[in-house]
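A.B. asks: Below is a structure I'd like to ask you about.
In full-length UniProt numbering, the protein residues as written are 1 to 402.
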């Protein structure tokens, strides 16, 4: 068995790189393609009622149900805006608010949760116990009609626009949403987000110190929910995340998964998916084709690769390699004998373990090996993953239809 350098591979927060975003034309096309999905939902609320209900629900949650979420890189969330013919024309939807609006509605900041290249996130606590994560962008918002706008402000506005517009085509119980995005009289831009109990990085750390059957069950439940979320964004919204990692998978106060941070996401044409360029993601999770010079790749297959890495990290608490480049020692070993390496990273369960009923190691190995195929053409789509033995086992345990 190859000798891996375990100490250097322990899971840790990973920094995101993101060079390109989805074009305006692609976003509008995606909006049109999924508009009917939202219309069919009898429970789709208006933006006003959705925001009020979210605020009400969040404030009634007990403080002890909410814990600090680790924000280790640039943090972005998605807006929950009802898609309609009217809003399709103006899907940015940043509301102008009074100077005291944040303190009145969401409380006061009590601690910093982290910062990235474009902004900082703080924990706000309302006097009634509600908790919120609010991101404040470093540069101020200015109208596009302002001819004196600086380059940094133009870049920031583009990032805000991308995050909020992308969120308009995503609405799912395992995909995170923002409460609202606002601009204050001083020009500062803020995104108000749900404050989650934990992220998958923390869950994995806890699992490594408690290898119980219940812990294994919970990780498998979260992995199943991740597959559900990916099926939704790939097959219904035609969106690829492009930055799937432990840090971008949160857990809400009920213990359910929330996929977050669509700041690097791209819209793709399912009939011609190989049309994406640019380096995006976090090193341990990035598929090898993304590193190829002048690479044009299928972003959905990049997501599938990242999900495979996430699963290996979930069950082992370690990354298999630092980066998928042949010069990296562990990855070069993987290239020589892929199946043995996957077997090495997925732990073998003892004979007679109750976990074998729903976590068949051979079935898991087979699926993860396919997801980590070097050739993206041979990597399964999320629809093909649904036909795998491992998915069927997960479905039998946690089942719900996509």
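The beta-carbon is built from N, C-alpha and C at its ideal position, and this holds for glycine as well.
1. Residue 363 and residue 390: beta carbons closer than 8 Å?
2. Does chain D have any CB closer than 8 Å to the CB of residue 192?
3. Tell me residue 372's beta-bridge partners as DSSP assigns them.
4. Between which two residues does the alpha helix (DSSP H) holding residue 206 run?
5. In or out: residue 119 buried (at least 16 other Cβ within 10 Å) or exposed?
6. Going by DSSP in three states, residue 385 sits in which element: helix, strand or coil?
7. Sort 334, 187, 237 by Cα distance to residue 172 and report the nearest one.
8. Which residues mark the beginning and the end of the alpha helix (DSSP H) in which residue 334 is found?
9. According to DSSP, residue 259 sits in a beta bridge with which residue or residues?
10. For the pair the region 194-202 and the region 269-281, tell me if three or more CB-CB distances fall below 8 Å.
11. Is residue 242 buried or exposed, if buried means 16 or more other CB atoms sit within 10 Å of its CB?
12. Can you tell me where the alpha helix (DSSP H) with residue 102 in it begins and where it stops?
13. Take residue 283 as the anchor and find which of 260, 251, 321 has the nearest alpha-carbon.
14. Using DSSP bridges, identify the partner residues of residue 276.
15. CB-CB under 8 Å to residue 328, same chain, minus the five flanking residues each way: which ones, in chain order?
16. With the cut-off set at 8 Å, would you say residue 197 and residue 252 are in Cβ contact?
17. Give the DSSP bridge partners of residue 392, in chain order.
18. Identify which residue in 110, 219, 294 has its Cα closest to the Cα of residue 129.
19. Please state whether DSSP places residue 234 in a helix, a strand or coil.
20. Could you tell me the distance, in whole angstroms, from the CA atom of residue 405 to the CA atom of residue 336?
21. Could you pull the DSSP bridge partners for residue 132 from this structure?
22. Below 8 Å between beta carbons: does that hold for residue 170 and residue 233?
23. Can the beta-carbon of residue 383 be found closer than 8 Å to that of residue 235?
24. Hey, out of 396, 393, 338, whose CA is closest to residue 375's CA?
25. Can you tell me the Cβ-Cβ gap for residue 304 and residue 380, rounded? I've got them flagged as a contact below 8 Å.
26. For residue 155, does the count of other Cβ atoms within 10 angstroms reach 16, so buried, or fall short, so exposed?
27. Determine the direct distance from the alpha carbon of residue 105 to that of residue 372, and round the result to whole angstroms.
28. If you run the structure through DSSP and keep just helix, strand and coil, what is residue 85?
29. Note down the Cα distance separating residue 296 from residue 288, rounded to an integer number of angstroms.
30. Cα-Cα, which of 108, 306, 95 is closest to residue 184?
31. Beta-carbon separation of residue 313 and residue 246 under 8 Å?
32. Which word fits residue 216, buried or exposed, when buried means at least 16 other C-beta atoms lie within 10 angstroms of its C-beta?
33. Helix, strand or coil for residue 109 per DSSP?
C.D. replies: Checking against the coordinates, here is how it stands:
1. Indexing the chain shown from 1 puts residue 363 at position 363. Indexing the chain shown from 1 puts residue 390 at position 390. Closer than 8 Å, so yes.
2. No chain D is present in this structure, which holds just one protein chain.
3. Looking up residue 372 in the chain shown gives position 372. Answer by DSSP bridge pairing: none, since residue 372 is not bridged.
4. The residue you call residue 206 lines up with position 206 of the chain shown. Element bounds for residue 206: 200-208.
5. Locating residue 119 in the chain shown gives position 119, counting from the first residue. With 16 or more other Cβ atoms within 10 Å, it is buried.
6. Taking the chain shown and counting its residues from 1, one reaches residue 385 at position 385. Helix.
7. The count along the chain shown starts at 1 and reaches residue 172 at position 172. Cα-wise, what sits closest to residue 172 is 237.
8. Residue 334 sits at position 334 when you count from the first residue of the chain shown. Taken as a continuous stretch (DSSP letters only), the alpha helix (DSSP H) holding residue 334 covers 329-336.
9. Here residue 259 refers to the residue found at position 259 when the chain shown is read from its first residue. Looking at the DSSP assignment, residue 259 forms a beta bridge with 175, 249.
10. no
11. For the purposes of this step, residue 242 is taken as the residue at position 242 of the chain shown. With 16 or more other Cβ atoms within 10 Å, it is buried.
12. For this step, residue 102 is matched to residue 102 along the chain shown. Start and end: 101-106.
13. Taking the first residue of the chain shown as 1, we reach residue 283 at position 283. Selected option, being the one with the closest Cα: 321.
14. Numbered from 1 along the chain shown, position 276 holds the residue referred to as residue 276. According to DSSP, residue 276 bridges with 297.
15. Within the chain shown, residue 328 is the residue found at index 328, counting from 1. Once the five neighbours on either side are set aside, the close Cβ partners of residue 328 are 321, 322.
16. Numbered from 1 along the chain shown, position 197 holds the residue referred to as residue 197. Numbered from 1 along the chain shown, position 252 holds the residue referred to as residue 252. Yes, the pair counts as a contact, with Cβ atoms nearer than the cut-off.
17. For the purposes of this step, residue 392 is identified with residue 392 of the chain shown, where counting begins at 1. None; residue 392 has no bridge partner.
18. Counting from one through the chain shown, the residue named residue 129 turns up at place 129. When only C-alpha atoms are compared, the closest one is 110.
19. Translated into the one-based positions of the chain shown, residue 234 becomes position 234. Reduced to three states, the DSSP call for residue 234 is helix.
20. Only positions 1 to 402 of the chain appear in this structure, which leaves residue 405 out of reach.
21. Counting from one through the chain shown, the residue named residue 132 turns up at place 132. Paired residue(s): 124, 194.
22. On the chain shown, position 170 is the one that residue 170 refers to. On the chain shown, position 233 is the one that residue 233 refers to. A contact, by the Cβ cut-off of 8 Å.
23. Translated into positions along the chain shown, residue 383 becomes position 383. Translated into positions along the chain shown, residue 235 becomes position 235. Yes, the Cβ-Cβ distance between residue 383 and residue 235 is below 8 Å.
24. The count along the chain shown starts at 1 and reaches residue 375 at position 375. Answer by Cα proximity: 338.
25. For this step, residue 304 is matched to residue 304 along the chain shown. For this step, residue 380 is matched to residue 380 along the chain shown. Yes, they are in contact, since the Cβ atoms of residue 304 and residue 380 sit about 7 Å apart, within 8 Å.
26. Against the chain shown, residue 155 aligns to sequence position 155. Bear in mind that a pLDDT of 49 at residue 155, under 50, signals an unreliable position, so the number given afterwards is only what the model happens to contain. Exposed: under 16 other Cβ atoms inside 10 Å.
27. For the purposes of this step, residue 372 is identified with residue 372 of the chain shown, where counting begins at 1. For the purposes of this step, residue 105 is identified with residue 105 of the chain shown, where counting begins at 1. In a straight line, the C-alpha of residue 372 is about 46 Å away from that of residue 105.
28. For this step, residue 85 is matched to residue 85 along the chain shown. Residue confidence for residue 85 is low, a pLDDT of 27 falling below 50, so the modelled location carries little weight and cannot support an answer.
29. Along the chain shown, one-based indexing puts residue 296 at 296. Along the chain shown, one-based indexing puts residue 288 at 288. Taking the straight line joining both Cα atoms gives about 12 Å.
30. One-based indexing of the chain shown puts residue 184 at position 184. The residue with the shortest Cα to Cα distance from residue 184 is 95.
31. On the chain shown, residue 313 is found 313 positions in, with the first residue counted as 1. On the chain shown, residue 246 is found 246 positions in, with the first residue counted as 1. In this structure, residue 246 lies closer than 8 Å to residue 313 by Cβ.
32. For the purposes of this step, residue 216 is taken as residue 216 along the chain shown, with counting starting at 1. That one is buried.
33. Stepping through the chain shown from its first residue, residue 109 is reached at position 109. Correct three-state label for residue 109: strand.
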